[in-house]
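Reading through the structure tokens given below for one structure.
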Amino acid sequence: MHNTQELRTIAVDTASRVAEIFLRRFGHACAGIARAPGRVNLLGEHVDYNDGFVLPAATDRATYVAFAASDSQESQLWAQDYQQETRFSPQSLQEKRSIAGTDLPAWGKYPAGVAWALMQASLPVSGLKAAYASDVPRGAGLSSSASVELAFAMAWLHIGAASLAPMELARLCQQAENRYVGVNCGIMDQAASACSEHGRVMHLDCRSLEYQTLPLPEGVVIVVADSGVRHTLAGSAYNDRRAVCEQAVALLKRHLPGIRALRDVSPADFNRLAPDMPHEVQMRARHVVQEIDRTQRAVKLLRSGDMRAFGALMNECHASLRDLYEVSCPELDVLTSVAQSLTGCYGARLTGAGFGGCTVNLVEGTQANAFVQALRRGYKASAQRHAEIYICTASQGANILTPSELAGQKMT
Ligand code: GLA
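Each number in my numbering comes from the position in the sequence shown (counting from 1) with 470 added on.
Right, here's the structure in full:
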């Protein structure tokens with residue numbers, strides 16, 4: 471487990487490491503390092519694509535891209551975590567191909583998708599030389615994809631001397647993921663990676679994209695626990711859930727013609743109309759309608775500092791994701807139930823899309839170390855697996871570090 475200063479040092483280390491890797495591969499120093507964080511979500515799960523409200527915070531784990539402009543239109547990217555290189559041009563990326571005519575590697579579709587989305591928006595996309603690495607674990611529900619997208623978007627904007635409001639950048643990266651990579655995600659991950667503020671939680675309206683940030687009360691810490699489980703079916707199951715939500719809206723529209731999304735359905739209307747819906751549609755939509763309501767109640771509790779009541783809503787959310795939305799798995803259920811039984815834990819639930827990955831826990835700061843150890847032991851005893859568990863500082867959204875800033879270690 472790391473304290474804030476140690477994590478800052480790790481972040482600086484990762485940034486310095488990609489700068490060094492860049493130097494070794496390209497033979498000259500990089501022009502800058504783009505950093506974009508992953509996220510956890512305290513409440514509002516599977517509601518962003520239903521126009522709901524979410525409460526994410528950026529994590530202190532991030533993707534770092536050391537970059538410089540190339541002297542041609544060609545981009546040359548080195549992925550340290552995959553030990554692979556790819557090269558593409560504005561023409562080849564339209565076909566999702568490298569310069570050599572081969573399919574882009576899966577990881578390369580994220581930066582190529584960002585270049586594609588920038589071009590669609592008529593923003594400058596010159597050739598980029600880049601080396602990148604990430605300490606956001608992949609496929610763990612902590613938005614590693616959004617962090618890669620945002621970091622590359624920042625790098626391209628920087629070398630093109632262009633700028634875009636953070637939320638616009640988030641939308642552009644979501645387009646890259648929806649229309650180029652082919653994952654039909656909502657806006658939450660990209661918005662959190664782009665717009666978060668240090669030490670604060672973001673309250674985002676996923677319809678209007680208006681947001682405000684709220685401080686995490688003194689003495690309360692976020693603990694992230696990684697179940698170690700990765701489910702490859704997550705993409706198709708995610709898209710299925712989205713489709714069922716759309717089906718629910720179509721059915722409810724017969725009685726409530728004014729609605730556009732499940733966001734527009736009150737819990738009372740839902741309860742009245744739900745019996746006419748097929749069982750599966752009813753379960754999924756019930757989660758969404760109640761979760762949107764829960765999130766709005768939770769914001770008031772966060773403002774008043776009632777973390778016990780806030781945590782109880784997190785626990786309710788987990789039960790709903792498990793029983794109604796059916797996106798949990800046995801390991802996540804073990805992690806949350808062990809956590810919920812421990813002293814100092816306000817609330818625990820799975821975070822992100824589910825089907826594996828991480829839980830997010832709100833814990834009384836003075837109990838945090840004991841909590842981490844007891845959770846690790848409890849998970850090992852019940853699930854026979856090791857969980858990586860750490861205290862997470864809510865960090866600021868995507869930014870550019872210049873090599874001189876790096877030397878001065880100005881990270882947050
Ligand atoms: C993934 C998606 C988000 C959101 C969450 C579930 O992280 O990328 O848009 O839908 O799942 O809340």
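We put the CB at the ideal spot given by N, CA and C, even for glycine. For clarity, every value in this text was computed on a predicted model and none was experimentally measured.
Practice prompt. Could you check what DSSP says for Arg730 in three-state terms: helix, strand or coil?
Written response: Along the sequence shown, read from residue 1 onward, the residue named residue 730 stands at position 260. Coil, per DSSP.
Discussion item. For a test of the three-state rule: what should DSSP assign to Thr882, helix, strand or coil?
Written reply: Here the question's residue 882 lines up with position 412 in the sequence shown. Annotation note: pLDDT 39 at Thr882 (below 50); position unreliable, coordinate value reported separately. Here Thr882 sits in coil by DSSP.
Worksheet entry | Residue-chain proximity (Tyr681, chain B), Cβ-Cβ < 9 Å | Absence of chain B from the displayed structure is noted, only one protein chain being present.
Worksheet item: Taking DSSP as the reference, what is the three-state secondary structure of Ala877?
Response: Position 407 of the sequence shown, counted from the first residue, corresponds to residue 877. Note: Ala877 maps to helix in three-state DSSP.
Worksheet item: Would Pro449 be called buried (16 or more neighbouring beta carbons within 10 Å of its own) or exposed?
Response: Absent from the model: residue 449. The displayed extent of the chain is 471 to 882, so no value can be given.
Practice prompt. Jot down the residue ranges of each uninterrupted beta strand (DSSP E) in the stretch 529-579, minimum 3 residues, whole runs only, in chain order.
Written response: 545-549 and 554-558
Discussion item. To the nearest angstrom, how far is the alpha carbon of Leu732 from that of Ala720?
Written reply: Stepping through the sequence shown from its first residue, residue 732 is reached at position 262. Stepping through the sequence shown from its first residue, residue 720 is reached at position 250. One C-alpha to the other measures close to 10 Å.
Discussion item. What does the Cβ neighbour count give for Ser545, buried or exposed, with the cut at 16 atoms within 10 Å?
Written reply: Numbered from its first residue, the sequence shown carries residue 545 at position 75. Flag for Ser545 reads buried.
Worksheet entry | Residue range of the unbroken alpha helix (DSSP H) whose run includes Pro737 | In the sequence shown, counting from the first residue as 1, residue 737 sits at position 267. It spans Pro737 to Leu743 - the alpha helix (DSSP H) in which Pro737 sits, taken as one unbroken run.
Discussion item. I'd like the span of the beta strand (DSSP E) that includes Ala818, first residue to last.
Written reply: On the sequence shown, position 348 is the one that residue 818 refers to. Ala818 -> beta strand (DSSP E) spans Cys815 to Leu820.
Worksheet item: Helix, strand or coil: how does DSSP classify Val833 here?
Response: Taking the first residue of the sequence shown as position 1, residue 833 is located at position 363. Residue state, collapsed to three classes: strand.
Fill in: Sequence-distant residues of its chain with Cβ nearer than 8 Å to Ala539 (five each side left out)
If you number the sequence shown from 1, residue 539 lands on position 69. Here the set comprises Ala501, Ser596, Gly597, Leu598, Lys599 and Ile629.
Discussion item. Is Ala720 near the ligand GLA - that is, is its Cβ less than 8 Å away from at least one heavy atom of it?
Written reply: One-based indexing of the sequence shown puts residue 720 at position 250. Not under cutoff, so the answer is no.
Discussion item. My assumption, with CB atoms under 8 Å, is that Ala625 sits in contact with Ala504. Please give the rounded CB distance.
Written reply: As a working mapping, residue 625 is identified with position 155 in the sequence shown. As a working mapping, residue 504 is identified with position 34 in the sequence shown. Correct: roughly 4 Å between the Cβ atoms.
Discussion item. For the pair the stretch 797-810 and the stretch 669-688, tell me if three or more CB-CB distances fall below 8 Å.
Written reply: no
Discussion item. Could you check whether Val759 and Ser736 sit closer than 9 Å to each other, using their CB atoms as the reference points?
Written reply: Taking the sequence shown and counting its residues from 1, the one referred to as residue 736 is at position 266. Taking the sequence shown and counting its residues from 1, the one referred to as residue 759 is at position 289. Cβ atoms of Ser736 and Val759: closer than 9 Å.
Practice prompt. Could you tell me the distance, in whole angstroms, from the CA atom of Leu722 to the CA atom of Arg730?
Written response: In the sequence shown, the residue the question calls residue 722 occupies position 252. In the sequence shown, the residue the question calls residue 730 occupies position 260. Taking the straight line from one Cα to the other gives about 10 Å.
Practice prompt. Please report how far the alpha carbon of Cys715 lies from the alpha carbon of His757, in whole angstroms.
Written response: Walking along the sequence shown from the start, residue 715 turns up at place 245. Walking along the sequence shown from the start, residue 757 turns up at place 287. Spanning the two alpha carbons is a distance of roughly 10 Å.
Fill in: Closer than 8 Å: Glu796 CB and nearest the ligand GLA heavy atom
Counting from 1 along the sequence shown, the entry for residue 796 is found at position 326. Checking every heavy atom of the ligand GLA against the Cβ of Glu796, none is found closer than 8 Å.
Worksheet item: Can you tell me whether Glu761 is buried or exposed, with buried defined as 16 or more other CB within 10 angstroms of its CB?
Response: By one-based count along the sequence shown, residue 761 stands at place 291. With 16 or more other Cβ atoms within 10 Å, it is buried.
Worksheet entry | Three CB pairs or more closer than 8 Å across the stretch 567-581 and the stretch 653-671 | no
Worksheet item: Quick one: is the Cβ of Ile657 within less than 8 Å of any heavy atom of the ligand GLA?
Response: Taking the sequence shown and counting its residues from 1, one reaches residue 657 at position 187. Yes; taking the cut-off as 8 Å, the Cβ of Ile657 has a heavy atom of the ligand GLA nearer than that.
Item to complete: Flag Ser617 as yes when its Cβ comes closer than 8 Å to any non-hydrogen atom of the ligand GLA, and as no otherwise.
Response: As a working note, residue 617 is residue 147 in the sequence shown. Not so, every heavy atom of the ligand GLA lies at least 8 Å from the Cβ.
Discussion item. If I follow the unbroken beta strand (DSSP E) through Gly656, where does it start and stop?
Written reply: In the sequence shown, residue 656 corresponds to position 186, counting from 1. Unbroken run through Gly656: none, as it is neither H nor E.
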